[in-house]
Each structure stands twice: as C-alpha cells, then as structure tokens.
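**Q**
Number of protein chains: 2
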Amino acid sequence: MARHTARDLRSENRFEVLHALFELGPSTRQELARHTGLSPATVATLVTEFLSGGVLHIAAVERNTGGRPQERLTIDPDRGRIVGVDVAETYVDATVYDLALGALGHGEAALDEHENDPDYVVDGILRVIESAVEDGGTERERIIGVGVSMPGHVHPDTGVSVFAPNWDWHDVHIEKMLEKVLPVPVYVDNPLKAVILSEMWFGVGSVVDSMAVVNLGTGVGAGIAIDGSLLRGTTNNAGEWGHTLLELDGRQCRCGRRGCVEAYLGAPGLRTTLAEIDPEHPTLRQSRQRDFVEAVADGLAAGDPALTGLARRTSRYLAAALGDLVNLLNIPSVTLTGWTSDALAEWLVPALRDELPHHVMPGSLPGLTVEPSRVPGNAVALGMAAFTLQQFLTRLGLASPAGTRPRPDPDHGIDRSRQGQRL
Amino acid sequence: MARHTARDLRSENRFEVLHALFELGPSTRQELARHTGLSPATVATLVTEFLSGGVLHIAAVERNTGGRPQERLTIDPDRGRIVGVDVAETYVDATVYDLALGALGHGEAALDEHENDPDYVVDGILRVIESAVEDGGTERERIIGVGVSMPGHVHPDTGVSVFAPNWDWHDVHIEKMLEKVLPVPVYVDNPLKAVILSEMWFGVGSVVDSMAVVNLGTGVGAGIAIDGSLLRGTTNNAGEWGHTLLELDGRQCRCGRRGCVEAYLGAPGLRTTLAEIDPEHPTLRQSRQRDFVEAVADGLAAGDPALTGLARRTSRYLAAALGDLVNLLNIPSVTLTGWTSDALAEWLVPALRDELPHHVMPGSLPGLTVEPSRVPGNAVALGMAAFTLQQFLTRLGLASPAGTRPRPDPDHGIDRSRQGQRL
Ligand SMILES: [Zn+2]
Ligand SMILES: [Zn+2]
C-alpha cells in the first residue's frame, strides 16, 4: 500500500506554512506553529529556507513585555511573478500575480470551439500570457513560473493532457510544448483541482476543512477537499460530478452516457432546457455560449417568463445534483464558481436554497452552506498560480540539502537574451 | 479551521501500528516502522505500551547474521474478547472475536420490522450477544468491549442514535441503554463506517489506499476510504450513496425523495423491479425480505426468465450508480458486501462488469476493480469489533501518561459478581 514518504511530508509541511501565511497575514514563527500544528523546530527550518530563498521577508520586529523580540514574517510579493492560465473550451484567460498572489495584469481571448489543433491552442495560450504580461507592466525576467489549467484528463507530474474529449486530444505533451517557448517551469493541471485549491486558500477554506466547489461553465464539475486535503483520485480524475446521473436514460451527454448532470447544468444544457420551455425564444439565437448565458441574465433582470422558468428548473436540477454530492460526502460547504455561476448565481441561489432540503438527508442539512464563491477574480487562474508557487517552493527546498543554506536561483527568472522568444 | 492535535495523531499512530500488525502478521519493530512510515522511536514507544497492556506478545526472537537479536511481535489473541454486533432493520447478528479478531462464536435473531420500541431492539441485541457468547464458549469476564452498529444517523462520540428513519427514532441513547446492562465499554457506530474499516483492514485495503465498499441489504450505502482514512463527513453521515439520484422524479424512496439509488437496489427495490417485469411472479409471495432475496437466488439458479430479467436490470442500475461513485471519487476499487450481495453477487457481478464501461469516465476505468468483498463473515460485526479494539487501545494509552508504564486494567474485564447481569 502507498504510504507517505518523508519527502512527501516535507512538501506538505512547506505548503501548510505557506497556506497559514495566506490565511493569517504577517505572522510570527509561534503563530505559524500554532496554526499549522507543526513543531516549532519544523516551522523554524522552513522559515529559514523561505527567508534564504527570498520568499519571505521580515515585516516587523515586535518586543513584547518580558519576551524575546519576535519577527513578524510575510510573503515578499516582489520576489517574483507568476502567471495563472485558465484554458477552457471557448476561451483562454490569464492573470499575472505577484508572489503574494495579488493580481497585477489580465488578458483573455476567445478560442474557436471547432479548432482542435494543439498548436492553435498553444498559440492562444502564448498570446494571452503576452497580453496579461503587458497589461500588468510585468518585467518578463521576474516570472518564476506559469501554471496552465487544461480541460479534461491531465497528468500533472508529466504535464500531459491525457485526454481532452472536446478536442479529441490524446496524450498531448502540453507542458513540453509550452516550456519549449517559455523559459520558465510550466505546471499543468485540471481546472477542478485549481478551483478547490483557490477555495481552500482564499475562500471558505478559512472556515471549513472539507468542502466542494462546483464549477459551472460549458462543462460542469466539482473540486473536492476532505479534511484539508485536495481530492485528486487515483488518476487525477476525481470531481467528475458533471458525469454523475441526474436521470438514467435522460438527455444525451457529450461524454457518451445519457442523463449526466452536465447535460442539464452545462451551458448547452441550459439552452436545451430553454428550448423545451419555448423553442422559439429569441435568446436561443445567441450562438456563442457566453453570449447566451449573458442574454439569459439580462432577460431574467427584465422578468422574462420563459427565462424565469429556465432559472427555476435549473435551480431544481442544481439542488438535486448538489444533494447527491452532500449526501455522499457529508461536507458542510458547497460554493459555486465559473462563468455561468458569475452570470446567474443571483437568480439560481435563492431558489436552490429553497429546494435543497428536499434533496439533502436530514443529518447532512444542519449547518450546510451553499453560496457563490468569494474567491476573487478567475478562481482557475488563481489556483494554477498557487500550484505554481507550491512547485517553486518545492524546488527551493530540493536545492537545499539539510545543513546548507539555499540561495535564490537566477534560473528561476527568465533570461530573454538566451531564449529569444516573445514572452 | 480544525487542525490535528497531538492527541489525534497519537491515536492515529497507534491505529497505524495495529493495522500493520493485522496486515503483516508477526513483525519486528523495524518492519512496523518501515510499513507505517512512522519513526522507529514512535513505533518503539507504542510497542512498549502494547506489550505492557498485554495486547502484544513476543512470538519469536530472531538472531540475524551480524545484527542484534530482533523480537517478532504479534497480537495476543487471548488478551481479551470483543463482541461485534450488526443491528439491521430486520435482524440482529453478533460475533464474538478474540483480540486478533478471529471469530469464536456467532448468534442471530430476526427483528420484527414493525416493532420500533428502543427497549425491544435493546433486548434483541442483548439476547443475540448472549447466544454468540454461549456459541463461542466465551468466559464473560474476558470481554473487553462491545461494538454495536446501528442503522441511520449515529453519533459515535456520544453513542446516540440521532435519527433512525425506519424506526422513527430521534436521539435514542443506545450506548447508555446498553452500558447500563453490559458492564463493559460499548461503542456505537454506523454500518457504513464498520464495513469500510473491515475492508481497509481485512479486504482490498492491503492493496489500495482509497476504496469504496457498497453495502446491499434493505437499505444500501457506501463506506468510503480516501488515502487510507475512513470518510466520516462532518456529522458521520458520509456514504449515503443509496440516497443519490438514479432518476430524478423516479421511484418513491422511503427517505421522502424520489428516484434514489436505494429505491432500485435495496431489497424492496428489487421486489418493485420484479413486479414491473411480472406482477404475478410467485417469488413476490415471499413476504420477508431475506426470504425474497434467497428465492430470487434459487430462481436464478434454475434459469427463471423473469428473475434473469430482474438480475439484468439490477446489474444495469448497479453499474450506473457505481459509475457515479467512481466518476466522483476516482477510486481504484469497489467491493460489494451485505446480504443481498452475498446471495446475488454471482449473478450481478459479471453483467455489472460488462455495463460499467458505459458509465465510468475513460480516465477512471483502467485498473478499476469491482468485486465481491473478501472480508470473512459479517463485515459490519467485524468492523465494529475493530473499532472497539481501537477504543481499547486508546484507553490503554490514556492510562499511561508519558514516562509511566501502563498496566493491564482489571476493569477492562467484566466482574460478573459486581454487576450481576446476564452477559
Ligand atoms: Zn456525461
Ligand atoms: Zn432516498
């Protein structure tokens, strides 16, 4: 049976301290030890490593009555820059962050849903990174890593898109393709893993240890955390809530099965529901998914009765599908994210809350909160930046065998002259 | 946010060592440290504590070439006796185990499904424990604890049956009622938690770290383990897979919702399916659930076409509902347990395996195993005995503050003269 190795634990301790710094803000070593439950010695070692790597700096020195002076530590936002990229089926969205994961610049572009050439997608990613970098006035040589979320089945250790059904991709080495052009480490993962890391670090994770965040867009899925750990599953495929059943033999889902949740709650599913209510409804003329969802939001604001019916049916589907998630996992919190949620949450959530008691087992209902995510900006891009920061800290640690003091590694920055490319 | 305390970790380390002893058989301290990933010092401390408490004894002393003599340790089966009790809606089933969880004696009785008085159920439990104790020729004073699985929502810390829908129980203090009569610690939990602990310790847990075990009986549910930890959920309600949707607005489920998995895969659900296929089928005349399921098995063996149709439809429902579980959790193993599974697995599993690829996402299918559980005997009773053993070890540890050596506690045995009751 797989067991934690000492190396795994060292990484995890490192991430615990990092997470605590985000949650607590500027902190003393004692506060970090208390919050993480790690020993003062372990915290001291990691803080020394982070200080040497320039990731932390000393924000203040406090002299309490009777005690020794205490250093208050904080992440140094200017140690570097990180780019988080959200590649979806219809768009690419990138954000440049400082090392404290504050957003500095943003870029986005539409992807042609019918283009599936990996070079086309990679080119889109590079263009959008470029515009985010320009928007943020970022010095390119300060970028220490790029995190890219890819839809479908991704293998984060190898950076391979194992299977992306919408593009019919099999084993596309997306990380290698990007690293050929971008002279910094690239980390590839799946959006469900990114949104749950965001939620753990910057959302309800400050209040609860177990949670799901439901991502509503073209596809739908759930990022899941149990007892403070992100649920990846054996092959990084956990969270395919979009492909659990709402109705056996129901609507055709694009995964090949019938009746999946996604066929009702994905943006094309909303279109199907509206067509069932009123096949002639003018909103159905919007051919692009995001335009359609925006038009639904506008129509709801104007009190359109067919769209009101659509919202009511969609809330009920959502309550039923979230009920399944809560009944199985008995989690105390579900948050909603993604562009469909951004556009429609104010109409969906009140009705959803009314419906939930009909779908959640009585023992799992008290204390259950369901709300739009409070994670700022694009939760996928932010989560990918957080993963990239974790990777950076791990490399920092690997460069420092016990007893030696690590130094900032100049290769973590971009040397443009050496690479001669456009980032 | 909730964090592990040092106390939690000490319990967990203790259980890790115990689990390793079950998995490895007689082991040296080094082997236990290697298998658990715990430090040799931690293992040495726990082994000393277990030896002092009489839980372990030295099976052999080995002299390897060049090395120090090494003690090979094993659980002492004769340190005590544990009773595991499976209380279901239609029966009570009890097994007496030695401390190595070898079964020594068994007892069972039917419960009247229409009787819901707690005293009636408690009396049934006591009678069945008594017959298991007699069957095993167990000396009553050697019993160190009784573990009782109760259906519904259970709070294991207080031993309260918070809600048992089939009996309409609310906040029945089942542990207190039993401890009034049984002069040993009683531990109460839910069957889904018991079956997954059994599976982790005595089933596929020797091969995988994450798994689900699906319990098929009157009700259905799933015990879930993720990365070697049992999933309890916030209120010990995790695993209510029986109350996830197979079909929105489908068959009425006794939980009040329509279309739950249990309405198709619980024993009464099988009856409904058969009535849909052939409302006049003679098997439907069996009024007791277990007789009905046994008659279905007999009819399948005889090639009855309506029952063959029932098995085919049931396999398909099961594949769909297991597909949801696997798509959400991306676990590598699902096992089947419970009396419906015992009776019908040989007819359900082959068809289920044929159906599964239609319901499981391609990334979660390779390497997925679905099979009847290999856990011997009643997995609920065995799991409850294992929990009771964990509780016993925790008490052993609590009685030994750092630096002192714990001694066997005579109160862990039953002093019949003092209590004068019938156990
Ligand atoms: Zn699907
Ligand atoms: Zn139900």
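Chains S and F supply the protein sequences, listed in that same order.
Take the first sequence: its position 217, counting from 1, is numbered 217 in UniProt numbering, and each next residue is one higher.
Take the second sequence: its position 269, counting from 1, is numbered 269 in UniProt numbering, and each next residue is one higher.
Ideal placement from N, C-alpha and C gives every residue a C-beta, glycine not left out.
Just the Cα atoms here: how many angstroms apart are residue 170 of chain F and residue 82 of chain F?
**A** Distance between the alpha carbons of residue 170 of chain F and residue 82 of chain F: 28 Å.
**Q** Does the contact criterion of 3 or more C-beta pairs under 8 Å hold for the region 324-333 of chain S versus the region 234-247 of chain F?
**A** Yes: the two stretches touch, three or more of their Cβ pairs being nearer than 8 Å.
**Q** Going by DSSP, what residue range makes up the alpha helix (DSSP H) through residue 262 of chain S?
**A** 262-265 is the span of the alpha helix (DSSP H), which, as asked, contains residue 262 of chain S.
**Q** Could you pull the DSSP bridge partners for residue 424 of chain S from this structure?
**A** Chain S is shown only over 1 to 423; residue 424 of chain S falls outside these bounds and no answer can be derived.
**Q** For a contact defined as C-beta to C-beta under 8 Å, what are the partners of residue 162 of chain F on chain S?
**A** Neighbours of residue 162 of chain F on chain S, chain order: 363.
**Q** How would you list, in chain order, the residues of chain S whose beta-carbon sits under 8 Å from the beta-carbon of residue 238 of chain F?
**A** Under the 8 Å cutoff, chain S gives 328, 329, 330.
**Q** Between which two residues does the beta strand (DSSP E) containing residue 81 of chain F stretch?
**A** Looking at the DSSP string, the run of the beta strand (DSSP E) that includes residue 81 of chain F is 81-87.
**Q** Which full runs of the alpha helix (DSSP H) of 4+ residues lie inside the region 222-281 of chain F, going along the chain?
**A** For the region 222-281 of chain F, whole alpha helix (DSSP H) runs of length 4 or above, ordered along the chain, are 262-265, 267-277.
**Q** For the alpha helix (DSSP H) that contains residue 201 of chain S, what are its first and last residues?
**A** Unbroken alpha helix (DSSP H) run through residue 201 of chain S: 191-202.
**Q** Can you pull the chain F neighbours of residue 241 of chain S, defined as C-beta to C-beta under 7 Å?
**A** Those are 328, listed as they occur along chain F.
**Q** Would you mind reading off the limits of the beta strand (DSSP E) that contains residue 52 of chain S?
**A** Run containing residue 52 of chain S: none in the beta strand (DSSP E); it sits in the alpha helix (DSSP H), 40-52.
**Q** With the cut-off set at 8 Å, would you say residue 427 of chain F and residue 108 of chain F are in Cβ contact?
**A** The first residue shown for chain F is 1 and the last is 423, placing residue 427 of chain F beyond what the model contains.
**Q** Just checking: is the beta-carbon of residue 173 of chain S within a distance shorter than 8 Å of some beta-carbon in chain F?
**A** No, residue 173 of chain S does not count as interfacial toward chain F.
**Q** Chain F partners of residue 247 of chain S, CB-CB under 7 Å?
**A** Residues of chain F passing the Cβ test: 247, 248.
**Q** For the region 210-240 of chain S, which residues have a CB atom closer than 9 Å to at least one CB atom of chain F, in sequence order?
**A** Answer in chain order: 210, 222, 224, 226, 227, 228, 229, 231, 232, 233, 234, 235, 236, 237, 238, 239, 240.
**Q** In its own chain, which residues sit with a C-beta less than 6 Å from the C-beta of residue 293 of chain F, not counting the 5 before and 5 after it?
**A** For residue 293 of chain F, where only same-chain residues beyond five positions count, the Cβ hits under 6 Å are 267, 340, 343.
**Q** What three-state label does DSSP hand residue 434 of chain S in the structure shown?
**A** Residue 434 of chain S falls outside the range modelled here, since chain S spans only 1 to 423, and no answer is possible.
**Q** So residue 86 of chain S and residue 380 of chain S are in contact, right, with Cβ under 8 Å, and what is the actual spacing, rounded?
**A** Contact holds; Cβ gap of about 4 Å.
**Q** Taking residue 177 of chain F as part of the alpha helix (DSSP H), name the residues at either end of that continuous run.
**A** Segment 174-181, the alpha helix (DSSP H) holding residue 177 of chain F.
**Q** Could you please go through the chain and list the residues whose beta-carbon is closer than 6 Å to any non-hydrogen atom of ligand 1?
**A** Those satisfying the condition are, in chain order, S:243, S:253, S:255, S:257, S:260, S:262.
**Q** Classify residue 247 of chain F as buried or exposed, calling it buried when 16 or more other Cβ atoms lie within 10 Å of its own Cβ.
**A** By the neighbour-count rule (16 or more Cβ atoms within 10 Å), residue 247 of chain F is buried.
**Q** In angstroms, rounded to a whole number, what distance separates the CA positions of residue 336 of chain S and residue 303 of chain F?
**A** Roughly 50 Å separates the two Cα atoms.
**Q** Please return the same chain residues whose Cβ sits closer than 6 Å to the Cβ of residue 147 of chain S, not counting the five positions on each side in sequence.
**A** 84, 187, 384, 385, 387, 388, listed in sequence order.
**Q** Is the shortest distance between the beta-carbon of residue 298 of chain F and the beta-carbons of chain S less than 8 Å?
**A** No, its Cβ sits nowhere closer than 8 Å to a Cβ of chain S.
**Q** May I ask you to verify whether the region 311-318 of chain F touches the region 349-367 of chain F, counting CB pairs closer than 8 Å and requiring at least 3?
**A** Verdict: yes, contact present.
**Q** Can you tell me the Cα-Cα spacing of residue 430 of chain F and residue 226 of chain F, whole angstroms?
**A** Here chain F covers residues 1 to 423 and nothing more, so residue 430 of chain F does not appear.
**Q** Does the Cβ-Cβ distance between residue 151 of chain F and residue 164 of chain F come in under 8 Å?
**A** Yes, the pair counts as a contact, with Cβ atoms nearer than the cut-off.
**Q** Quick one: which chain S residues come within Cβ less than 9 Å of residue 244 of chain F?
**A** Within chain S, the residues near residue 244 of chain F are 244, 245, 323, 324, 325, 327, 328.
**Q** Going by C-alpha to C-alpha distance, which of S:392, S:143, S:166, S:141 sits closest to residue 153 of chain S?
**A** Measuring from the Cα of residue 153 of chain S, the nearest candidate turns out to be S:166.
**Q** As a quick exercise: from F:52, F:28, F:37, F:50, pick the residue whose alpha carbon is nearest that of residue 63 of chain F.
**A** Closest by alpha carbon: F:28.
**Q** Against chain S, does residue 255 of chain F count as a neighbour if the rule is that its beta carbon must be under 8 Å from one of theirs?
**A** So yes, residue 255 of chain F belongs to the interface.
**Q** Starting from residue 290 of chain S, trace the alpha helix (DSSP H) in both directions and tell me its first and last residue.
**A** Its alpha helix (DSSP H) spans residues 289-301.
**Q** For residue 70 of chain S, which beta-bridge partners are listed by DSSP?
**A** DSSP output for residue 70 of chain S lists S:62 as bridge partner(s).
**Q** Does DSSP put residue 114 of chain S in a helix, a strand or coil?
**A** Coil at residue 114 of chain S, not helix or strand.
**Q** Residues in its own chain within less than 7 Å of residue 75 of chain F by CB, not counting five upstream and five downstream?
**A** Closer than 7 Å at Cβ, skipping near neighbours: 21, 55, 56, 99, 100.
**Q** Just checking my contact of residue 390 of chain S with residue 185 of chain S at CB under 8 Å: how many whole Å lie between their CB atoms?
**A** Between residue 185 of chain S and residue 390 of chain S the Cβ distance is about 12 Å, and since that is not below 8 Å, they are no contact.
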